[in-house]
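S.K.: Got a structure for you, questions after.
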Amino acid sequence: MPELVLPTMETVNPEPRELVAEKAESSLDIKNLSPEERKMVEEFAKSIDVTDSTVLVQYGAPAQSKISAFSDSMLNNYRTKDLGEQGKLLTDLVVEIGEFDTAAQKKGFFTSMKRQFEKTMAQYNKVNANVDTIVHKLEDHKRQLIKDVAMFDQLYEKNAEYFKEISLYIIAGKERLKEINDVTIPELAAKAEATGDQNDLQALRDMKDVVVRFDKKLNDLMLSRMISIQMAPQIRMLQSNETQLADKIQSTIMNSIPLWKNQIVIALGLNNAKAALQAQRQVTDMTNELLKKNSEMLKTGTIEIAKESERGIVDIETLRQTNSDLITTINEVVRIQDEGKAKRLAAEQELQKMEGELKQAVLAAAVRKNQ
Numbered sequence: 010m011p012e013l014v015l016p017t018m019e020t021v022n023p024e025p026r027e028l029v030a031e032k033a034e035s036s037l038d039i040k041n042l043s044p045e046e047r048k049m050v051e052e053f054a055k056s057i058d059v060t061d062s063t064v065l066v067q068y069g070a071p072a073q074s075k076i077s078a079f080s081d082s083m084l085n086n087y088r089t090k091d092l093g094e095q096g097k098l099l100t101d102l103v104v105e106i107g108e109f110d111t112a113a114q115k116k117g118f119f120t121s122m123k124r125q126f127e128k129t130m131a132q133y134n135k136v137n138a139n140v141d142t143i144v145h146k147l148e149d150h151k152r153q154l155i156k157d158v159a160m161f162d163q164l165y166e167k168n169a170e171y172f173k174e175i176s177l178y179i180i181a182g183k184e185r186l187k188e189i190n191d192v193t194i195p196e197l198a199a200k201a202e203a204t205g206d207q208n209d210l211q212a213l214r215d216m217k218d219v220v221v222r223f224d225k226k227l228n229d230l231m232l233s234r235m236i237s238i239q240m241a242p243q244i245r246m247l248q249s250n251e252t253q254l255a256d257k258i259q260s261t262i263m264n265s266i267p268l269w270k271n272q273i274v275i276a277l278g279l280n281n282a283k284a285a286l287q288a289q290r291q292v293t294d295m296t297n298e299l300l301k302k303n304s305e306m307l308k309t310g311t312i313e314i315a316k317e318s319e320r321g322i323v324d325i326e327t328l329r330q331t332n333s334d335l336i337t338t339i340n341e342v343v344r345i346q347d348e349g350k351a352k353r354l355a356a357e358q359e360l361q362k363m364e365g366e367l368k369q370a371v372l373a374a375a376v377r378k379n380q
């Protein structure tokens with residue numbers, strides 16, 4: 010079985026890969042190919058031996074197997090990852106910082122400043138150690154995400170190559186099919202009509218069967234081509250997701266953590282430097298602040314509880330969506346069944362027609378022999 014070997018993409022078309030894929034997607038006409046590609050496809054089409062069953066079975070298989078293996082490699086790459094770990098680390102980070110703030114608020118206001126400062130410092134050291142551990146893990150994930158973003162560029166390039174290859178297989182197959190329909194079959198039909206020989210009639214029938222099989226094979230290749238088309242935006246979406254997550258981790262490490270530590274250090278320094286009169290003023294200010302916060306928390310909590318209590322167990326939008334999906338599914342099943350029934354009926358009528366034609370041809374041949 011001859012195999013279609015692609016020239017390098019840069020030689021065939023120097024445009025960016027994205028544009029190459031878009032143009033190849035728009036049409037499978039040989040006229041849209043570059044001169045080098047057209048020459049290669051025309052030569053390959055001539056070498057396709059449609060009378061060889063092995064050729065028909067294996068046609069385009071190399072390109073299909075590459076796309077299949079490519080899909081498996083992408084799936085396996087994600088199976089080996091814990092996709093939720095980065096999000097969990099960010100959540101843990103928020104919890105650690107929140108616990109420190111909560112613990113600070115729970116300190117007694119009427120204890121000595123030294124004792125309060127020592128407790129606050131101990132709590133800060135504990136949270137700071139936990140935060141540093143989480144940050145180290147986030148940095149590891151960020152490095153892996155950056156590697157994955159570069160890997161997705163390579164995957165996109167590979168998919169563009171496989172897409173181009175299978176498109177050329179389809180174009181070559183269509184060219185060969187066109188030649189058979191326009192030249193080979195008319196020649197066989199003319200010969201069979203002229204000789205009336207059963208072997209010639211059978212040769213014509215065999216060639217028509219080959220056309221049907223080859224056309225089905227090209228349709229299978231079209232399905233593989235569509236998989237490759239869909240894979241391109243999927244790769245870009247996955248790449249975008251990982252890029253955004255890497256940016257989020259970077260922002261957290263470089264901005265949020267230093268800001269939090271800076272604010273805590275400032276607070277600790279102020280607490281250590283204040284005198285007794287300042288401490289009394291702090292008590293008063295903190296008391297007012299707590300009253301404001303408690304008031305705000307009471308307001309917010311009451312409103313949220315009221316909202317949640319008025320909410321149904323299942324949102325009407327959810328029920329509307331599920332109901333719409335169910336109706337769509339039922340209609341689609343009925344449509345598919347109707348189409349299948351119509352196709353079977355048409356096939357039955359076609360088989361009856363073909364049987365009648367064959368009987369007529371055999372009978373005509375027998376009559377001519379007896380004359």
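So the sequence shown is numbered by my numbering: it starts at 10 and just counts up by one. Using N, Cα and C, we set each Cβ at its ideal position, and we do this for glycine too. A quick note: this is a predicted structure, and the numbers were derived from the prediction, not measured.
1. Is the segment 163-175 in contact with the segment 60-78, if contact means three or more CB pairs nearer than 8 Å?
2. Between the segment 205-217 and the segment 145-158, can you find at least three pairs of beta-carbon atoms closer than 8 Å?
3. Would valine 64 and aspartate 58 qualify as a contact pair, given that the criterion is a beta-carbon distance under 8 Å?
4. Quick one, which of Lys156, Thr60, Pro195, Glu359 has its alpha-carbon nearest leucine 254's?
5. Determine the burial state of asparagine 168: buried for a count of at least 16 other Cβ atoms within 10 Å of its Cβ, exposed for fewer.
6. Considering methionine 49, what are the terminal residues of the alpha helix (DSSP H) in which it resides?
7. In terms of residue numbering, what span does the alpha helix (DSSP H) encompassing threonine 63 cover?
8. Kindly give me the distance between the Cβ atoms of tyrosine 165 and isoleucine 244, rounded to whole angstroms, as I take these residues to be in contact under 8 Å.
9. Determine contact between the segment 253-269 and the segment 180-200, defined as no fewer than three beta-carbon pairs at a distance below 8 Å.
10. Does the distance from the CB of isoleucine 179 to the CB of leucine 247 come in under 8 Å?
11. Over what stretch of residues does the alpha helix (DSSP H) that includes serine 333 continue unbroken?
12. Compute the beta-carbon to beta-carbon distance between valine 158 and glutamate 251, rounded to the nearest angstrom, for a pair I have assumed lies under 8 Å.
13. Pull up the distance between the alpha-carbon of aspartate 81 and that of glutamine 239, whole angstroms please.
14. Please report how far the alpha carbon of asparagine 297 lies from the alpha carbon of asparagine 139, in whole angstroms.
15. How big is the Cα-Cα spacing for asparagine 340 and isoleucine 39?
16. Hey, out of Ala54, Asp149, Pro44, Asn134, whose CA is closest to isoleucine 262's CA?
17. When the distance is taken between beta carbons, is arginine 377 closer than 8 Å to glycine 205?
18. Compute the beta-carbon to beta-carbon distance between alanine 370 and leucine 210, rounded to the nearest angstrom, for a pair I have assumed lies under 8 Å.
19. Relative to the C-alpha of serine 77, which candidate in Lys55, Leu232, Ala203 has its C-alpha closest?
20. Fully enclosed by the segment 192-270, which alpha helix (DSSP H) runs are 4 residues long or longer?
21. Does DSSP classify aspartate 162 as helix, strand or coil?
22. Can you give me the Cβ contacts of isoleucine 358 inside the same chain, cut-off strictly under 7 Å, excluding the 5 residues immediately before and after it?
23. Use the C-beta contact count for leucine 367: other C-beta atoms within 10 angstroms, 16 or more gives buried, fewer gives exposed.
24. Do you know how far the Cα of asparagine 208 is from the Cα of valine 219?
25. Lysine 183 and leucine 37: beta carbons closer than 8 Å?
26. Helix or strand or just coil, what does DSSP make of valine 140?
M.R.: Reading from the atomic positions:
1. yes
2. With a cut-off of 8 Å, the segment 205-217 and the segment 145-158 do not count as touching, because too few Cβ pairs lie within range.
3. yes
4. Lys156
5. buried
6. 44-55
7. Residues 62-67.
8. 5 Å
9. no
10. no
11. 325-379
12. About 6 Å separates the two Cβ atoms, so the contact holds.
13. A direct Cα-to-Cα measurement between aspartate 81 and glutamine 239 gives close to 15 Å.
14. 32 Å
15. 39 Å
16. Asp149
17. yes
18. 6 Å
19. Per the C-alpha coordinates, the member of Lys55, Leu232, Ala203 positioned closest to serine 77 is Leu232.
20. 194-204, 207-260
21. helix
22. Contrary to the premise, residue 358 reads as glutamine rather than isoleucine in this sequence. Here the set comprises nothing.
23. exposed
24. Whole-angstrom Cα-Cα distance: 16 Å.
25. yes
26. helix
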